[in-house]
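Asker: Residue numbers (the numbering used here), protein chains in the order written: chain Y, 55 to 549; chain S, 3 to 408. Beta carbons are placed, not taken as given, at the ideal position from N, Cα and C, and that holds for glycine. Here the structure is a predicted model, which is why all the values come from computation and not from measurement.
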Amino acid sequence: MSIELPLADADIVARRDEIARDLAAICGADAVISDEDGRRAFETDALTAYKRMPLAVVLPSTTEEVADVLHYAKANGIRVVPRGAGTSLCGGALPLEDAIVVGVSKMNRVLEVDFHNRFARVEAGITNLAISAAVSPQGFFYAPDPSSQLACTLAGNIAMNSGGAHCLKYGVTTNNVLGVKLVTMDGEIVEIGGPHLDAEGYDLLALIVGSEGQFGIVTEATVRILRAAEGARPMMIGFESSAKAGICVARIIASGIIPVAIEFMDKPAIEVCEAFAKAGYPTNVEALLIIEVEGSEQEIADRLAYIASIAHELNPLALVVSASEEQSAKIWKGRKSAFGAIGRLSDYYCMDGTIPLAHLPHVLEQIAEICRGHGLRVANIFHAGDGNLHPLVMYDANNPSEALKAEAAGAEILKLCVSVGGCLSGEHGVGIEKRDLMTTQFTDDDLAVQLRIKSVFDPDWLLNCGKVFPLDAVERAMAAQARASEGQADPAEAA
Amino acid sequence: MNDIMRPATEWELKSMMMALAERSIPVEVLGSGSKRGIGRPVLAPVALTTGAMRGISLYEPAELVMSARAGTPLSQIEVELASRGQMLPFEPIDLGFALGTNTSLQTIGAVFAANLSGSRRIAVGAARDFLLGVRGVNGHAEIFKSGGRVMKNVTGYDVARGLSGSWGTLAVFSEVTFKVLPLPDDVATLVYPDLTDDLAVELMSAAIAQPYEVSGTVHLSAGLATRLKHKGLAKEARSLTAIRLENFTRSISYRKQKLRELLSAYGAPLDLGLESSLEFWNEARRLSFFPPNGTHLWRISTTPSMAASLVGSVRRHMRVEAFYDWSGGLIWLETPATADAGSADIRRAVATHGGHATLIRADEPVRRSVEVFQPLGSAVDRITRGIKHAFDPMRLLNPGRMYATV
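1. Can you give me the Cβ contacts of L183/S inside the same chain, cut-off strictly under 7 angstroms, excluding the 5 residues immediately before and after it?
2. When you compare only the Cα positions, how much space is there between P367/S and G35/S?
3. Kindly examine the ligand ADP and report whether one of its heavy atoms sits closer than 7 angstroms to the Cβ of D71/Y.
4. Taking Cβ-Cβ distances below 7 angstroms as the criterion, which residues of the region 70-99 of chain S are in contact with chain Y?
5. Should W169/S go down as buried or exposed, given a rule of 16 or more other Cβ atoms within 10 Å for buried?
6. Check whether the Cβ of M532/Y lies closer than 8 angstroms to any Cβ atom in chain S.
7. May I ask which residues mark the beginning and end of the alpha helix (DSSP H) holding Y126/Y?
8. Less than 7 angstroms between C-beta atoms, sequence neighbours within five positions excluded: which residues of the same chain meet that for A343/S?
9. Using a Cβ cut-off of 7 angstroms, pull out every chain Y residue sitting near L261/S, in sequence order please.
10. Where do the N-terminal and C-terminal ends of the alpha helix (DSSP H) with M18/S fall, by residue?
11. Listed from N- to C-terminal order along the chain, which residues in the region 471-494 of chain Y have their beta-carbon within a distance smaller than 8 angstroms of any beta-carbon of chain S?
12. Taking only beta-carbon positions, decide if F393/Y is within less than 8 angstroms of chain S.
13. Can you find a C-beta in chain Y that's less than 8 angstroms from the C-beta of P63/S?
14. Determine, using beta-carbon pairs with one atom in the region 114-126 of chain S and one in the region 320-338 of chain S, whether at least three such pairs fall under 8 angstroms.
15. Name the chain S residues whose beta carbon is nearer than 8 angstroms to that of R506/Y?
16. From which residue to which residue does the alpha helix (DSSP H) around T191/S run?
17. How many Å lie between G483/Y and L143/Y at the Cα?
18. Going along chain Y, which residues have a C-beta under 7 angstroms from F146/S?
19. Could one say the Cβ of S115/Y lies closer than 8 angstroms to chain S's Cβ atoms, at least one of them?
20. Cutting at 7 angstroms between CB atoms, please list the residues of its own chain near A548/Y, excluding the five before and the five after it.
21. What are the boundary residues of the beta strand (DSSP E) that F375/S is part of?
22. Check the Cβ of G402/S against every Cβ in chain Y and list those closer than 9 angstroms, keeping chain order.
23. Does the count of Cβ pairs from the region 180-198 of chain S and the region 233-251 of chain S closer than 8 angstroms reach three?
24. So, using beta-carbon positions, are V303/Y and I316/Y closer together than 8 angstroms?
25. Taking the alpha-carbon positions, what's the G269/S to K237/S distance?
26. Count the other C-beta atoms from every protein chain shown that fall within 10 angstroms of the C-beta of Q192/Y, then say buried if there are 16 or more, exposed otherwise.
27. Output the boundary residues of the alpha helix (DSSP H) element that contains H298/S.
28. Counting only beta-carbon separations shorter than 8 angstroms, does N442/Y have a partner in chain S?
29. For V352/S, which residues in the same chain have their Cβ closer than 6 angstroms to its Cβ, ignoring the five residues on either side in sequence?
30. Check whether the Cβ of Y104/Y lies closer than 8 angstroms to any Cβ atom in chain S.
31. Considering only residues of the same chain and omitting the five flanking positions on each side of A329/Y, which have a CB-CB separation below 8 angstroms?
32. Identify whether G308/S lies in helix, strand or coil by the three-state DSSP scheme.
33. With a threshold of 7 angstroms on Cβ separation, who are the neighbours of A365/Y within its own chain once the five nearest residues in sequence on each side are excluded?
34. Out of P149/Y, E72/Y, D122/Y, point me to the one whose CA is closest to N518/Y's CA.
35. Assuming contact is defined by CB atoms lying nearer than 8 angstroms, are T52/S and G135/S in contact in what I supplied?
36. Would T304/S count as contacting chain Y if we go by Cβ distances under 8 angstroms?
So, in structure tokens, the structure goes:
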């Protein structure tokens, strides 16, 4: 594969045993993994084409331990790669050979649930689904629902600003986090926000959520919990073309109804998911929409009927309203297991661009064209309500030239998304995967603004280095920073 | 104040910023100037307004997205959205009446620069939650953009949202892009009279925790209720607690009935229909019960269950009138005209109850002598100064408006 990673510092790698001993002194020997077999379990994330054995892995149990580890790493000039559950699809948690992987998975407790004020305070290593599980007996839930929610941690969700199928109505992670406890690279524990709305001062939460683990390690968070609707029900609408499905989505939204979710699958995706989950998807259609609405029985019936009336004007080939809880669960199971189902057939490269919806038919045609040009198959599954595409480019990972073709096709698809006014990543993050494409979306000045913010939190660039920005842009930024600090003292340091 | 610079384009804005940066001249950044009286006084020999950069540059109703140049009047945006049956979901609060300034010119850029949200914030999120992208010029005189026009975007850091609520101290916006939502078909309001603050917060929290999508929960003290101009409610002379439902008519009648049953312990509510509801919530949005009468006005964010106790502890020291929004999570507090605007007592109450307070209305001498924005803890203060330095190392943009060192 073709993405370059920062060179490892051989001196630090040579000090592995000493560093592991130091980490054990901070967190206890049980919390440190330095043997080769143990480290191998952490060598990659869900972007499995890239692997790097970490220097050492440490799994702290408390915020204070995280603080001590980061303080130690900074004092010794050692890089750190934060890790939640390692489900990043963009290499966001990919280790480096000279970096300590700091995993938060042991810190997974619910600390406080307050239904009166509608928040939960949790340790950030908790899985996404466990938050909802903790509050569901009282009829509440935590809204963002990435497909990996059974495994992925809130810490990872915060790092990537994760979304999910239901964020059309309820927003993504940044809209649902009220406060965090952040450990900075200096080892300082900083509390930002809290159970009240809209933290004081600058919106640092906005910067931290989605910072891909480059500003600090979040060990605790206060999240908004919501009362669930009385009920929810999906319907499936199948069309003879993606263009018609796209028109249907636009008309529904323009009509004044915002469903909780509008999911789109093309024929290859439908066939694979149906074979895997027996969800009852119509297989005679080119494009399938799964649309979910919420409310009381009557409200659900009213809204689904209204959506059906919009769809009927477009002569759908199939229109099925879920008739039972069981059927609803099956419909969603098919969708949520889509990546796994396709993964059983083939290796795939999952893209995550977002586009303005009006360009959907054109973009889908172009995606098919791009993949054909590289001799690769593609299945499309995505969040249609917000234009967030997930083309799955299928390839054979054992065939190096095919893997390179998949990467090339992916890059062309993302450039296409940007060219129609969209972006490189809707919910997975940049990581290493889209790092070198950042210049297609951003100018040097755009990137300079971001790079300077990174330097505020981590001037030595020790945290999750080699991700998000092209390596040469980082080098230029660090050189500019060095020149500036020669010229004048940083007031943040001086005061 | 000698000069007001009025760039008409982003490039003009950049060249003006370059000229200021070359000579290290600080500048007061304004939209229409309607909120100029908020914050610590800015010491700058020149002002710059975004008012000449106006116009809606993109509107796609089927994609729920609009872009507008920063100086576009909010009123123009809302008229355009309403013509297609849409709205700004966060219902930006209008401070013009309370501040005694011209409200009709408030700009869309300033709405996001101040992160102004109204009553619907508790249901749908704040202004910052609907901000998708910005373009602007920073203190380095660089044109930059962040975010974009699509709903979901995690490409790079969320700088756009990070700039919301920065009051022009980090960058001058040239264009903002935001998400919009459909207008509801119908609106209804249940108004419970004569509840104590404690009971009102309990009622509002109970209402918002039901699965009926309550879109506004406010409580006015009796003193404020008498100031309402609303035809049906002005004569009440009792405290009023209002619960809003917005949806299709059929849903509203169903949900209203459910809420009435659930909340029956709090008495029999008045039931406001569409027109009457719109009139009431428009007054709430304009804070029409806080006339510029020489008193001070604070905006306090706290957890709802702490709200009544917080107000009670301030009330022990001074006469106050309280308007609770967001189920009590937001308190607008009118305090007597004293030299420190009650700052010491309010800051102490906020420290013990949690949250933060901002002095929204006070004369310049008061704003010079007390902290207007919530003082920051040392770690957050250090990061804040670092962020300021990253965007505006020479401290040219609204220096001192939020904090003395920023």
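Answerer: So, from the data block:
1. As a first step, residue 183/S must be located in the second sequence, where it is residue number 181. Around L183/S: L66, Q88, M89, P91.
2. As a working mapping, residue 367/S is identified with position 365 in the second sequence. As a working mapping, residue 35/S is identified with position 33 in the second sequence. Going by the C-alpha atoms only, they are around 19 angstroms apart.
3. Questions concerning the ligand ADP fall outside what the structure shown contains, since it holds no ligand whatsoever.
4. G87
5. If you number the second sequence from 1, residue 169/S lands on position 167. With 16 or more Cβ atoms within 10 Å of its Cβ, W169/S is classed as buried.
6. Residue mapping note: residue 532/Y aligns to position 478 of the first sequence, counting from 1. No, its Cβ sits nowhere closer than 8 angstroms to a Cβ of chain S.
7. Taking the first residue of the first sequence as 1, we reach residue 126/Y at position 72. It spans 117-129 - the alpha helix (DSSP H) in which Y126/Y sits, taken as one unbroken run.
8. Translated into the one-based positions of the second sequence, residue 343/S becomes position 341. Here the set comprises H298, T337, L361, A364, V368, V372.
9. Here residue 261/S is taken as the residue at index 259 of the second sequence, counted from 1. Under the 7 angstroms cutoff, chain Y gives no residues; its nearest Cβ is about 13 angstroms from L261/S.
10. For the purposes of this step, residue 18/S is taken as residue 16 along the second sequence, with counting starting at 1. Residues 12-24.
11. G475, G476, C477, L478, S479, G480, E481, H482, G483, V484, K488, M492
12. The sequence position of residue 393/Y within the first sequence is 339, counting from 1. F393/Y does not count as touching chain S.
13. As a first step, residue 63/S is located in the second sequence; it is residue number 61 there, counting from the start. Judged by the 8 angstroms Cβ criterion, P63/S is in contact with chain Y.
14. yes
15. Within the first sequence, residue 506/Y is the residue found at index 452, counting from 1. Chain S residues near R506/Y: A392, F393.
16. Your numbering for residue 191/S matches position 189 in the second sequence. From DSSP, T191/S is part of no alpha helix (DSSP H) but of the beta strand (DSSP E) over 188-195.
17. Translated into positions along the first sequence, residue 483/Y becomes position 429. Translated into positions along the first sequence, residue 143/Y becomes position 89. Between G483/Y and L143/Y, the C-alpha separation is close to 8 angstroms.
18. Reading the second sequence from its first residue, position 144 is the one you call residue 146/S. Under the 7 angstroms cutoff, chain Y gives D499, D500, V503.
19. On the first sequence, position 61 is the one that residue 115/Y refers to. Chain S contact via Cβ: absent.
20. One-based indexing of the first sequence puts residue 548/Y at position 494. Note that A548/Y scores a pLDDT of 40, beneath 50, so its modelled location is shaky and nothing firm can be said.
21. Within the second sequence, the letter at position 373 stands for residue 375/S. F375/S -> no beta strand (DSSP E), and no H or E assigned at all.
22. Translated into the one-based positions of the second sequence, residue 402/S becomes position 400. Near G402/S there are no residues of chain Y at all, since even the closest Cβ is about 14 angstroms away, more than 9 angstroms.
23. yes
24. What you label residue 303/Y is simply residue 249 of the first sequence in a count that begins at 1. What you label residue 316/Y is simply residue 262 of the first sequence in a count that begins at 1. Yes, the Cβ-Cβ distance between V303/Y and I316/Y is below 8 angstroms.
25. Counting from 1 along the second sequence, the entry for residue 269/S is found at position 267. Counting from 1 along the second sequence, the entry for residue 237/S is found at position 235. Those two C-alpha atoms are separated by around 19 angstroms.
26. One-based indexing of the first sequence puts residue 192/Y at position 138. Exposed, by the Cβ-count rule.
27. In the second sequence, the residue the question calls residue 298/S occupies position 296. Run containing H298/S: none in the alpha helix (DSSP H); it sits in the beta strand (DSSP E), 298-303.
28. If you number the first sequence from 1, residue 442/Y lands on position 388. So yes, N442/Y belongs to the interface.
29. Numbered from 1 along the second sequence, position 350 holds the residue referred to as residue 352/S. A359, listed in sequence order.
30. By 1-based counting over the first sequence, the position of residue 104/Y is 50. With 8 angstroms as the cut-off, Y104/Y does not count as an interface residue toward chain S.
31. To locate residue 329/Y, count along the first sequence from 1; it is residue 275. Closer than 8 angstroms at Cβ, skipping near neighbours: A395.
32. Numbered from its first residue, the second sequence carries residue 308/S at position 306. Reading off the sequence, residue 308/S comes out as Met, not Gly. Residue state, collapsed to three classes: helix.
33. What you label residue 365/Y is simply residue 311 of the first sequence in a count that begins at 1. Correct list, in chain order: I291, C302, L373.
34. Stepping through the first sequence from its first residue, residue 518/Y is reached at position 464. The shortest C-alpha separation from N518/Y is found at P149/Y.
35. For the purposes of this step, residue 52/S is taken as residue 50 along the second sequence, with counting starting at 1. For the purposes of this step, residue 135/S is taken as residue 133 along the second sequence, with counting starting at 1. Their beta carbons are not under 8 angstroms apart, which means T52/S does not touch G135/S by this criterion.
36. Against the second sequence, residue 304/S aligns to sequence position 302. Answer yes: the Cβ-Cβ gap between T304/S and chain Y drops below 8 angstroms somewhere.
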